[in-house]
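Each residue of the sequence shown is one higher than the last, beginning at 403 in the working numbering. For every residue, glycine included, the Cβ atom is placed at its ideal position computed from N, Cα and C. Right, one structure below, let's go through it.
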Amino acid sequence: MGKHRIRLGRRTVAALAATGALVIGGTSAALLGTGSAAPLDLLPIATPANTTYVLPDLDPFEPGDIRGGGKAEVSDEYGAPAGGGTASLRLSTPTGSDKVAYYELVSGADADLENWIAAGAYSAYQGAADNPDQFPSLQLAVDPTGAGGFATLFYEPIYNPGASTAPNQWNRYLAGAGRWCSTKPIENVIDASQTFCSNDGAKPLADYVAAAPNLVVQAVTINQGSGNPGLESAVDLVTTPTTTYDFELTKPTTPVDPTTPTTPPTTGPDNGNGNGGNNGNGGNHGNNGGGHGNNGGGHGNNGGGHGNNGGGHGNNGGGQGNGDDHCVCG
Ligand SMILES: [Ca+2]
Numbered sequence: 403m404g405k406h407r408i409r410l411g412r413r414t415v416a417a418l419a420a421t422g423a424l425v426i427g428g429t430s431a432a433l434l435g436t437g438s439a440a441p442l443d444l445l446p447i448a449t450p451a452n453t454t455y456v457l458p459d460l461d462p463f464e465p466g467d468i469r470g471g472g473k474a475e476v477s478d479e480y481g482a483p484a485g486g487g488t489a490s491l492r493l494s495t496p497t498g499s500d501k502v503a504y505y506e507l508v509s510g511a512d513a514d515l516e517n518w519i520a521a522g523a524y525s526a527y528q529g530a531a532d533n534p535d536q537f538p539s540l541q542l543a544v545d546p547t548g549a550g551g552f553a554t555l556f557y558e559p560i561y562n563p564g565a566s567t568a569p570n571q572w573n574r575y576l577a578g579a580g581r582w583c584s585t586k587p588i589e590n591v592i593d594a595s596q597t598f599c600s601n602d603g604a605k606p607l608a609d610y611v612a613a614a615p616n617l618v619v620q621a622v623t624i625n626q627g628s629g630n631p632g633l634e635s636a637v638d639l640v641t642t643p644t645t646t647y648d649f650e651l652t653k654p655t656t657p658v659d660p661t662t663p664t665t666p667p668t669t670g671p672d673n674g675n676g677n678g679g680n681n682g683n684g685g686n687h688g689n690n691g692g693g694h695g696n697n698g699g700g701h702g703n704n705g706g707g708h709g710n711n712g713g714g715h716g717n718n719g720g721g722q723g724n725g726d727d728h729c730v731c732g
């Protein structure tokens, strides 16, 4: 997982620090630099261990409030942020009345809003927009009292001074450490005049946690619109307290620990010609081979090397491609 930089203005950082929402040197982010005028760089130093790849069927996300021409699909049009593979969730709302939202119900650690402060994050890319400050939002559907109420908390870069709204690049938003608005009043934190970010209604999650200790997070939603005309964007690497969701066209192969030894075959057809290309990029470790099988032809040279070793491992040539590392060569 690559490191992602995000810039927060000093006002934001000061506000976060004042509320305790910013975890420094802990599980969330480390502050680098203390310049009084320049934005601070935040480097996340921990991410959830679990990555879930979200493929074109968008499972485990479900369609939510979708209106007009709003749409979302996995696409490589805008690529992906560093560490996010090659594709992302492409979002489109051609007009201001269009809306697209995909959600996942959450439970366990993800249902505890406090856990989102350190963990909540997403990456977003703006390819075009009628209003250049607008980006997709990250939303949390919550029951503020744990007794059946409902509100939506949402993070948008535009309500977080200093958060990058640069187009045509991937921006990483440490949303959990930022300011969130609520669609409905929540006692002791958002009054009726402060819904939808009005009148300083963008507040740190810590404020919500303090005001509503029984609040339960019910779902996480990727949202764009309404009110986002002409916004062509993408989202990737949506991080909850337990999981990072990586939108990809196909599931990447599972990397194999390079320190794991492979077991050379002890018997095999005596066809020392190698044929290593069958297992493709297997190289040093046969178990890697499967994922690159389609590349097999391109790595035939590996096999050739093995072939020279002769005997016993021909069909496994890819996995033993270099021959030297693991091959019990005849
Ligand atoms: Ca991706």
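Heavy atom of ligand 1 within 6 Å of residue i beta-carbon
{"i": "G487", "result": "yes"}
{"i": "S628", "result": "no"}
{"i": "F649", "result": "yes"}
{"i": "D602", "result": "no"}
{"i": "S490", "result": "yes"}
{"i": "A636", "result": "no"}
{"i": "A543", "result": "no"}
{"i": "A526", "result": "no"}
{"i": "A482", "result": "yes"}
Selected residue, minimal CA-CA separation from residue i, among the options
{"i": "T604", "options": "E589, G580 and L617", "result": "The sequence given here places Ala at residue 604; Thr does not occur at that position. For the residues E589, G580 and L617, the minimum Cα distance to A604 belongs to G580."}
{"i": "V640", "options": "V611, E475, L491 and G498", "result": "L491"}
{"i": "V619", "options": "D512, A521 and S628", "result": "D512"}
{"i": "A451", "options": "L493, F552, T655 and D648", "result": "D648"}
{"i": "T554", "options": "G564, K586 and S566", "result": "K586"}
{"i": "F537", "options": "N517, Y561, A520 and P462", "result": "Y561"}
{"i": "T623", "options": "K501, N601 and P654", "result": "K501"}
{"i": "N517", "options": "S494, A577 and A549", "result": "A577"}
{"i": "T547", "options": "L651, P615 and T454", "result": "P615"}
{"i": "N570", "options": "G498, P458, I588 and D535", "result": "D535"}
{"i": "L515", "options": "D545, T646 and S635", "result": "D545"}
{"i": "D461", "options": "S566, A636, L507 and G470", "result": "L507"}
{"i": "F556", "options": "V476, F598, G466 and A549", "result": "F598"}
{"i": "K572", "options": "A482, S477 and G472", "result": "The displayed chain sequence assigns Trp, not Lys, to residue 572. For W572, the nearest C-alpha among the options comes from A482."}
{"i": "T645", "options": "S584, G522, Q541 and F552", "result": "G522"}
{"i": "V611", "options": "V456, D593 and I588", "result": "I588"}
{"i": "N533", "options": "T495, G564 and V456", "result": "T495"}
{"i": "F552", "options": "P563, R574 and S584", "result": "S584"}
{"i": "A520", "options": "F463, G550, Y575 and T652", "result": "Y575"}
{"i": "S509", "options": "V476, D638 and P643", "result": "P643"}
{"i": "L464", "options": "Y455, T652 and A621", "result": "With the sequence shown as reference, residue 464 is identified as Glu, and Leu is not the correct amino acid for it. Nearest option by C-alpha distance: A621."}
Integer Cβ distance of residue i from residue j, believed to fall under 8 Å
{"i": "N590", "j": "A613", "result": "4 Å"}
{"i": "W582", "j": "L607", "result": "6 Å"}
{"i": "A568", "j": "L633", "result": "About 15 Å; that fails the 8 Å criterion."}
{"i": "A543", "j": "Y505", "result": "7 Å"}
{"i": "Q626", "j": "G472", "result": "7 Å"}
{"i": "D478", "j": "L651", "result": "6 Å"}
C-beta neighbour in chain B for residue i, strict 7 Å
{"i": "T585", "result": "This model lacks chain B altogether, as it is built from one protein chain only."}
Close Cβ partners of residue i (< 7 Å) along its chain, the five nearest in sequence each way excluded
{"i": "N710", "result": "Note that N710 has pLDDT 33, beneath the 50 cutoff, so the model's placement of it is unreliable and no number is given."}
{"i": "S628", "result": "R469, G498, S499, D500 and K501"}
{"i": "G466", "result": "A503, Y504, Y505 and T623"}
{"i": "Y480", "result": "S490, R492, Y527, G529 and A636"}
{"i": "D593", "result": "P587"}
{"i": "D638", "result": "A482, P483, G486, S490, L491, S525, D648 and F649"}
{"i": "A549", "result": "none"}
Cutoff 6 Å; reference residue i; Cβ partners in own chain excluding five residues on either side
{"i": "L540", "result": "Y524, Y557 and A577"}
{"i": "V388", "result": "This structure gives no information on residue 388, because the portion of the chain shown stretches from 403 to 732."}
{"i": "K653", "result": "Y455"}
{"i": "L453", "result": "The sequence as given places Thr at residue 453; Leu does not occur at that position. Once the five neighbours on either side are set aside, the close Cβ partners of T453 are T646 and D648."}
{"i": "D609", "result": "V591"}
Contacting residues, own chain, Cβ-Cβ under 8 Å from residue i (five flanking each side not counted)
{"i": "D602", "result": "Q596"}
{"i": "P559", "result": "A526, D535, F537, A565, S566, T567, N573 and Y575"}
{"i": "V476", "result": "V456, L457, P458, L460, A489, S490, L491, R492, F649, E650 and L651"}
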